[in-house]
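Following: one structure in structure tokens, then a few remarks.
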Amino acid sequence: MAKRSSSSPEASTSRSQVLRQESMMDVPDLRLHAGKFFDISGLRACALVCRAWHRDFQPLVWRKFSAKLSETNSSGQIDSIRHNIHWIRSLKWTEYRHTRCTTSTLFKLLSTECYDSLVSLDLRICAHLGWHQYQDLFQNNKQTLQQVSFAFEHGAGPVPNDRQFVGALRDLSSLRRLTFFFVAPSFINLIHLMKTMPCMDTLEFIFCEMATIRNYADVYIPEFWLSSSSSSTGPPVLSLKRFELQGPWEDDPVLVMLLKLCPKLEHLMLKTSNNCKGPCQLVQDGCFPHLRSLGLHAGGLPPSLLSSALKSLPPHQLTTVHLSSSLATTVQDLVEHHHQSLEKVEIGVTDDQESCIIEFLSRCSQLQHFRFTAENGSGVEVRYAIARPWVCTKLKELAVEFVMGPGYYESAAAAAEALSSASGETAPPLGFLGRTEDVQAMTVLMTRLGQLSQIKELELLPVEMLSEELPPFRKVPLPWSLANGFSHLSCWTRLEQLDFGQYQPFPFGIPELQFMRQHWTALKEISSDDIDSEEIVEWLGEHWPELAVAT
Numbered sequence: 296m297a298k299r300s301s302s303s304p305e306a307s308t309s310r311s312q313v314l315r316q317e318s319m320m321d322v323p324d325l326r327l328h329a330g331k332f333f334d335i336s337g338l339r340a341c342a343l344v345c346r347a348w349h350r351d352f353q354p355l356v357w358r359k360f361s362a363k364l365s366e367t368n369s370s371g372q373i374d375s376i377r378h379n380i381h382w383i384r385s386l387k388w389t390e391y392r393h394t395r396c397t398t399s400t401l402f403k404l405l406s407t408e409c410y411d412s413l414v415s416l417d418l419r420i421c422a423h424l425g426w427h428q429y430q431d432l433f434q435n436n437k438q439t440l441q442q443v444s445f446a447f448e449h450g451a452g453p454v455p456n457d458r459q460f461v462g463a464l465r466d467l468s469s470l471r472r473l474t475f476f477f478v479a480p481s482f483i484n485l486i487h488l489m490k491t492m493p494c495m496d497t498l499e500f501i502f503c504e505m506a507t508i509r510n511y512a513d514v515y516i517p518e519f520w521l522s523s524s525s526s527s528t529g530p531p532v533l534s535l536k537r538f539e540l541q542g543p544w545e546d547d548p549v550l551v552m553l554l555k556l557c558p559k560l561e562h563l564m565l566k567t568s569n570n571c572k573g574p575c576q577l578v579q580d581g582c583f584p585h586l587r588s589l590g591l592h593a594g595g596l597p598p599s600l601l602s603s604a605l606k607s608l609p610p611h612q613l614t615t616v617h618l619s620s621s622l623a624t625t626v627q628d629l630v631e632h633h634h635q636s637l638e639k640v641e642i643g644v645t646d647d648q649e650s651c652i653i654e655f656l657s658r659c660s661q662l663q664h665f666r667f668t669a670e671n672g673s674g675v676e677v678r679y680a681i682a683r684p685w686v687c688t689k690l691k692e693l694a695v696e697f698v699m700g701p702g703y704y705e706s707a708a709a710a711a712e713a714l715s716s717a718s719g720e721t722a723p724p725l726g727f728l729g730r731t732e733d734v735q736a737m738t739v740l741m742t743r744l745g746q747l748s749q750i751k752e753l754e755l756l757p758v759e760m761l762s763e764e765l766p767p768f769r770k771v772p773l774p775w776s777l778a779n780g781f782s783h784l785s786c787w788t789r790l791e792q793l794d795f796g797q798y799q800p801f802p803f804g805i806p807e808l809q810f811m812r813q814h815w816t817a818l819k820e821i822s823s824d825d826i827d828s829e830e831i832v833e834w835l836g837e838h839w840p841e842l843a844v845a846t
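Under my numbering, read the sequence shown as residues 296 to 846, first letter to last.
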């Protein structure tokens, strides 16, 4: 007893800190939704349990807090948040259009408090709370914020203008990652904002309505930026390492100017259907000597420009390439200059490229993620190429998508009908485009994939057919059954995710689910359309309740 009483408070505190640090590493992060957390203070627990709750577990619970505004109406819950607000490191705020203003009490609390260590902020909002409150939330925590994601719901009200964006995002000196959904400030103000963000390394735009050079005359530019820029000795060098833009965009000279100020750029991804000539020219000019990931829309680009851009980078430096539309010469350049380093490739395939893709797969020995879009019936030979035992030996993620242009499905249907008329027999269902070679190629592919035990993620999207007579993006199911190669996949003990794409009917029957339950022991989630069969729903609930089915 004497030894126990002689322990110092400092030693006890240090042990508690060590235990808490170990717990944060061992216990997975918990996303807590308001209204669903519990309080054990009313329970008759022993002192040890209470101390463990308050010192070790409670900080983990509050570390990542996700607030859905429609669920935060209780004053008792708001009091609990107020008492534990200092634990919050990651805040996700979701505000719904139908939410009443009486629920804004919680947000006023969150936006006026200065957190001890708020690191990540994810806002998905509409307009009725008032933009000044969001501005306070940014500014009160500008010393600690490292990640900010901002989504503004369409139709919710007037979107923030550049003046409001500048007021909210100015001087976030610790910010490292900034993501915009649907709405964003102009590029001209982003250049000036990033001057105040010395740690910024990732900038993302997801389907944003960006201001272009034609309407920059109406963009707000603070006077102190104009005066400070005039006294500078030269153009600033920004710390940005990752830049990604998805959605509509025009080849804006101001964006090109922004990218030119980022010589440390390692990841440049422009997933857009518009012209990418300006950024491609920067790659060719050697503005990004450290570039490792490149994504461009090759359609409309001069083949010589894209070829020169790929050759200008140091050999075998690119690890990730995304080309939504490409030429055979582009594939050859990738093989020639970067086949030893490529790990992740997303590319479109047409009939005239299949031989190049086959050589590409044979020589890219480090390939771990491969996604290809087969257009107008091409891609059969590519699937056979993947099935060869000496290629793709390190493949972990595979995504296959088929896109059929107008008239392709009708011609296949007409050919099947003509064949049945000549033979005098009833035409069978078209199934997978009515093409036997497609079914055979997929069966051979699955047979080969069954030998790749390291597969962790598989995404096989159904056929998309663009037709004037049929509804757009009509989907044709892939033939997933134990009879056509599915039974060869028994060694996928590491598979965690299986994605069949949106609007794809649930492709499995109970025999296939039984096979998966027995062999795919690591499977956590399947993404597909709604399950129509009540029998399958009952079977999943009874035999595989831990499997998440995302619809």
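Using N, Cα and C, we set each Cβ at its ideal position, and we do this for glycine too.
Just so it is clear, the structure is predicted and the values come from calculations on it, not from any experiment.
- Item | Where the beta strand (DSSP E) through Ser412 begins and ends | Taken as a continuous stretch (DSSP letters only), Ser412 belongs to no beta strand (DSSP E), as it is neither H nor E.
- Item | For Gln809: DSSP bridge partner residues | Answer by DSSP bridge pairing: none, since Gln809 is not bridged.
- Figure out for me which residue from Ile483, Asp457, Leu416 has the closest Cα to the Cα of Ser469. Comparing Cα-Cα distances from Ser469 to each of Ile483, Asp457, Leu416, the minimum goes to Leu416.
- Query: Apart from the five residues on each side of it in sequence, which residues of its chain come closer than 6 Å, Cβ to Cβ, to Phe475?
  - Reply: For Phe475, where only same-chain residues beyond five positions count, the Cβ hits under 6 Å are Phe445, Phe500, Cys503.
- Query: Taking C-beta to C-beta, are Glu752 and Lys691 nearer than 8 Å?
  - Reply: Cβ atoms of Glu752 and Lys691: closer than 8 Å.
- Proximity below 8 Å, CB of Asn484 to CB of Val461: Yes, they are a contact pair.
- If we ignore side chains and look at the alpha-carbon of each, how far apart do Trp834 and Glu791 end up? If you take the alpha carbons of Trp834 and Glu791, they lie about 20 Å apart.
- Three-state secondary structure (DSSP) of Trp382: Three-state result, Trp382: helix.
- Give the straight-line distance between the Cα atoms of Ser375 and Leu432, rounded to the nearest whole angstrom. Just so you know, the alpha carbons of Ser375 and Leu432 end up roughly 19 Å apart.
- Query: Per DSSP, which one or two residues make a beta bridge with Gln661?
  - Reply: Beta-bridge annotation (DSSP): Gln661 is not paired with any residue.
- Message: Which complete beta strand (DSSP E) runs does the segment 417–494 hold, if anything under 3 residues is left out?
- Response: If we require 3 residues or more, the beta strand (DSSP E) runs fully inside the segment 417–494 come out as 442–447, 472–476.
- Item | Assumed close pair Cys571, Leu591 - CB separation to whole angstroms, cut-off 8 Å | In this structure Cys571 is in contact with Leu591, their Cβ atoms being roughly 5 Å apart against a cut-off of 8 Å.
- Message: Closest to Val640 by C-alpha separation, out of His633, Ser660, Arg666, Phe655, would be which residue?
- Response: Nearest of His633, Ser660, Arg666, Phe655 to Val640, Cα basis: Arg666.
- Just confirm the distance between the C-beta atoms of Gly573 and Ser607, as a whole number of angstroms; I'd bet it's less than 8 Å. About 15 Å separates the two Cβ atoms, so there is no contact after all.
- Helix, strand or coil for Leu560, going by three-state DSSP, please let me know. In the structure shown, Leu560 sits in coil (DSSP, three-state: anything other than H, G, I, E or B).
- Task: Taking Asp794 as part of the alpha helix (DSSP H), name the residues at either end of that continuous run.
- Result: Where Asp794 is concerned, there is no enclosing alpha helix (DSSP H), although the beta strand (DSSP E) it sits in stretches over 792–794.
- Item | Own chain residues within Cβ distance below 8 Å of Leu577, not counting five before or after | Cβ within range, chain order: Val551, Leu554, Lys555, Phe583.
- Is the distance from the Cβ of Leu629 to the Cβ of Leu596 below 8 Å? Not a contact, by the Cβ cut-off of 8 Å.
- DSSP-derived helix/strand/coil call for His634: Note: His634 maps to coil in three-state DSSP.
- Query: Quick one: is Gln813 buried, meaning 16 or more other Cβ sit within 10 Å of its Cβ, or exposed?
  - Reply: Looking at its Cβ environment, which holds fewer than 16 other Cβ atoms inside 10 Å, Gln813 is exposed.
- Express the C-alpha separation of Glu820 and His664 in angstroms, rounding to a whole number. Roughly 19 Å between the two C-alpha positions.
- Task: Please check the pair Leu842 and Phe810, which I expect to be a contact at CB under 8 Å, by giving their CB distance rounded to whole angstroms.
- Result: The pair is not a contact, with the Cβ atoms about 13 Å apart (cut-off 8 Å).
- Query: Can you name, in chain order, every residue of its own chain whose Cβ lies under 8 Å from the Cβ of Gln430, other than the five neighbours on each side?
  - Reply: Cβ within range, chain order: Gln459, Gly462, Ala463.
- Item | CB of Lys269 within 8 Å of CB of His617, strictly | The structure shown does not extend to residue 269, since the chain is modelled only from 296 through 846, so no value can be given for it.
- Task: Compare the Cα-Cα distances from Gly804 to each of Trp787, Ile831, His487 and report the closest residue.
- Result: Minimum Cα distance to Gly804 is reached at Ile831.
- Item | Nearest candidate by alpha-carbon position, reference Leu413, set Gln434, His427, Arg419 | It is Gln434 whose Cα lies nearest to the Cα of Leu413.
- Message: Please state whether the Cβ-Cβ distance between Leu535 and Met564 is less than 8 Å.
- Response: Against a cut-off of 8 Å, the Cβ pair of Met564 and Leu535 comes out as no contact.
- Message: What would DSSP say about Gly643, mapped onto helix, strand or coil?
- Response: In the structure shown, Gly643 sits in a strand (DSSP, three-state: E or B).
- Item | Three-way DSSP call (helix, strand, coil) for Ala680 in this model | Note: Ala680 maps to helix in three-state DSSP.
- Measuring CA to CA, which of Leu488, Val677, Gln541, Thr491 is closest to Gly643? Answer by Cα proximity: Val677.
- Going by beta carbon distance, what residues of the same chain come within less than 6 Å of Glu638, once the five residues before and after it are set aside? Result list for Glu638: Thr614, Gln661, Gln663, in chain order.
- Message: So, for Arg465: in the same chain, excluding its five sequence neighbours on each side, which residues have a beta-carbon less than 7 Å away from its beta-carbon?
- Response: Same-chain partners within the cutoff: Leu488, Thr491.
- What number of angstroms, rounded off, separates the C-alpha of Leu793 from the C-alpha of Leu560? Leu793 and Leu560: Cα-Cα distance of roughly 33 Å.
- Task: To the nearest angstrom, report how far apart Arg471 and Gln541 are at their CA atoms.
- Result: A direct Cα-Cα distance of roughly 20 Å separates Arg471 from Gln541.
- Please name the residue, chosen from Trp839, Ser822, Thr742, His378, that lies closest to Trp787 on a Cα-to-Cα basis. Ranking Trp839, Ser822, Thr742, His378 by Cα distance to Trp787 puts Thr742 first.
- Message: I'd like to check one pair, Leu440 with Leu418: are the Cβ atoms closer than 8 Å?
- Response: Contact flag unset, no.
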